[in-house]
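Worksheet: one structure, shown below.
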Amino acid sequence: MSDLKLFKLDAGRASELVSTTVALERELQAVIEQNMPAMFAVRFLATEYSTGKIHRGRIDSLGLDENGSPVIFEYKRTTNENVINQGLFYLDWLMDHKAEFQLLVSKILGAQVAEGIDWSAPRLICVANDFTRYDEYAVRQINRNVELVRYRDFGSNLLAIELVTSVSIETSSGHPRSARKSTSTAVAQPERGRSKTVAELLARSDATLAALYERFEQFALSLGDDVVKNERTLYFAFRRLKNFACVEVHPASRNLLVYLKLDPQSVQLEEGFTRDVSKIGHFGTGDLELRVEDDSRWGQVEDLTRRAYEAN
Numbered sequence: 101m102s103d104l105k106l107f108k109l110d111a112g113r114a115s116e117l118v119s120t121t122v123a124l125e126r127e128l129q130a131v132i133e134q135n136m137p138a139m140f141a142v143r144f145l146a147t148e149y150s151t152g153k154i155h156r157g158r159i160d161s162l163g164l165d166e167n168g169s170p171v172i173f174e175y176k177r178t179t180n181e182n183v184i185n186q187g188l189f190y191l192d193w194l195m196d197h198k199a200e201f202q203l204l205v206s207k208i209l210g211a212q213v214a215e216g217i218d219w220s221a222p223r224l225i226c227v228a229n230d231f232t233r234y235d236e237y238a239v240r241q242i243n244r245n246v247e248l249v250r251y252r253d254f255g256s257n258l259l260a261i262e263l264v265t266s267v268s269i270e271t272s273s274g275h276p277r278s279a280r281k282s283t284s285t286a287v288a289q290p291e292r293g294r295s296k297t298v299a300e301l302l303a304r305s306d307a308t309l310a311a312l313y314e315r316f317e318q319f320a321l322s323l324g325d326d327v328v329k330n331e332r333t334l335y336f337a338f339r340r341l342k343n344f345a346c347v348e349v350h351p352a353s354r355n356l357l358v359y360l361k362l363d364p365q366s367v368q369l370e371e372g373f374t375r376d377v378s379k380i381g382h383f384g385t386g387d388l389e390l391r392v393e394d395d396s397r398w399g400q401v402e403d404l405t406r407r408a409y410e411a412n
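The letter at position 234 of the sequence shown is residue 334 when you use the working numbering, and the numbering goes up by one with no holes.
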């Protein structure tokens, strides 16, 4: 069982808040669906989505994450329920019905968003009040993007979620997708003539820039066991349940552009190093841009990245 504990402090004295499961799993599903952007950085698309007469199933919740990847949510209602296998079945169904999913996205979120779906890394998120060690072991053996999320209800409108296990398969779609908007008014424009993926750009980088990226990746992954790296077409994303950093590699200008999910107003901006891009279109997520050309400011890079990790 989960060892997550929550305490209330009153005049310096701690009293433990006892956690329980949600009385009805449908209530939990409704809460998550209403709060997907805040809890998982996922835009809600549909609930109890039918897979048709042949497959005869219903996907608990469907969404699209901040990187443009499809997300399936399945909620484990009993300890013995094999929700992982069920979710994998739905992942396969989804990959065989891309046009249907794209039509759904177009209807809910618009044609531009639908055109930018990233099919390289669809995700399965399984939510339950607990998982067995066999569940965790099974996920590590599966060559798919699967996350196990544990919840605990502490009453008084307090709900805790915890990423138990996450497995990420790094694949690339092979062709650029449309850039996302960082705000409702700022449209990201790709660099003129840029057609190579971020992996190809990294391969073309000189030894100094490649080492700089490797240093950032190692640091980001060292922040916690819950950190997952995903390779997108135009950037690398580092996330827990949500992205906290996205990295572009630019061999021509010999720098990394690191986008952190931090409020730029909470940082003292320095020209040539940090920039507020909350109203400037760019690939990936995050409103604070770091231009990293060497390791002269590495301490600041680590401090700001750690802040973004802790905030997300």
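Ideal Cβ placement from N, Cα and C applies to all residues, glycine included.
Keep in mind it's a predicted model, so treat the numbers as computed, not measured.
Check, Outcome
"As assigned by DSSP and simplified to three states, the class of Pro351", "coil"
"Nearest-angstrom beta carbon gap, Ser119 and Asp252 [assumed within contact, 8 Å]", "Looking at the sequence shown, residue 252 is not Asp but Arg. At roughly 4 Å, the Cβ-Cβ gap stays under 8 Å, so Arg252 and Ser119 are in contact."
"Endpoints, beta strand (DSSP E) assigned at Ile172", "Pro170 to Tyr175"
"CA-to-CA distance, Asp394 to Asp326, given in whole angstroms", "28 Å"
"Span separating the alpha-carbon of Ala211 from that of Gln202", "9 Å"
"One or two residues paired with Ile225 in a DSSP bridge", "Phe173 and Glu247"
"Burial state of Thr308 (16 or more Cβ within 10 Å)", "exposed"
"Between the CA atoms of Glu127 and Thr147 - distance to the nearest angstrom", "13 Å"
"Assigned exposure category for Gln134 - 16 Cβ within 10 Å defines buried", "exposed"
"Cβ-Cβ separation, Tyr335 to Glu348 (assumed contact under 8 Å), whole Å", "5 Å"
"Neighbour-count burial assignment, Tyr190, 16 or more Cβ in a 10 Å radius", "buried"
"Rounded C-alpha distance that separates Val367 from His155", "51 Å"
"Cβ neighbour criterion (16 or more within 10 Å) applied to Lys153", "exposed"
"Distance, Arg315 Cα to Val392 Cα", "12 Å"
"Nearest to His197 (by Cα), restricted to the options Val239, Tyr149 and Phe231", "Tyr149"
"Nearest neighbour of Leu356, chosen from Ile132, Leu194 and Val401 [CA to CA]", "Val401"
"Straight-line Cα distance separating Ser378 from Glu370", "16 Å"
"Own chain partners of Phe254 with C-beta closer than 7 Å, once the 5 adjacent residues on each side are dropped", "Leu106, Leu117, Ser119 and Ala260"
"Cβ shell of Asn66 (< 8 Å), same chain only, five flanking positions each side left out", "The chain is shown only over 101 to 412; residue 66 falls outside these bounds and no answer can be derived."
"Cβ-Cβ distance between Val183 and Cys226 below 7 Å", "yes"
"Selected residue, minimal CA-CA separation from Gln129, among Ser161, Leu188 and Tyr234", "Ser161"
"8 Å contact criterion, which Leu145 and Val213 should meet: CB distance rounded", "About 10 Å; that fails the 8 Å criterion."
"Chain C within 7 Å of Val183, Cβ atoms only", "Going by chain labels, chain C is absent from the structure shown, which holds only one protein chain."
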